[in-house]
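In this note's numbering, the protein residues as written are 802 to 942.
Just so it is clear, CB atoms sit at the ideal spot from N, CA and C, and this is done for glycine as well.
Everything numeric in this text was worked out from a predicted model, so none of it was measured.
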């Protein structure tokens with residue numbers, strides 16, 4: 802799968818697609834490449850393969866995932882800054898890797914990845930990426 806999206810504004814449907822594709826993905830801090838001079842971030846993630854999307858009784862979409870992990874490179878261009886906040890337990894107990902909660906969130910000129918533990922009030926890792934415009938590419942390898 803290869804997907805590329807570029808826009809000066811956030812489009813909810815596109816944001817939802819990236820959320821579904823990256824929900825539950827594994828991210829390791831040593832697999833994040835940020836080049837400040839060229840203005841891009843590459844993140845190697847392991848995401849669950851999306852099998853299908855089913856409709857519920859109220860017409861809400863429910864993604865169905867396989868347990869097979871797919872290596873995917875998430876490339877974000879036109880980056881003006883990146884900030885990673887993490888708890889020491891991420892390094893000591895989790896080998897610097899975390900599972901993404903609710904996928905990649907796109908909000909105006911900021912992209913966000915957060916850890917599953919946030920749902921319990923524990924912030925294990927948060928990645929904030931500031932961009933000039935939304936320019937994201939997602940490629941399976």
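Counting of Cβ neighbours within 10 angstroms places residue 908 among the exposed residues, the total staying below 16. Per the DSSP secondary-structure output, residue 841 pairs in a beta bridge with 836 and 878.
The DSSP assignment places complete beta strand (DSSP E) segments of no fewer than 3 residues inside the region 877-915 at 880-887, 898-900, 906-908 and 911-915, in order along the chain. In this structure, residue 821 sits near residue 904, with a CB-CB distance shorter than 8 Å.
In this structure, residue 846 lies away from residue 811, with their beta-carbon atoms at least 8 Å apart.
Counting along the chain, residue 808 sits inside the beta strand (DSSP E) bounded by residues 803-808.
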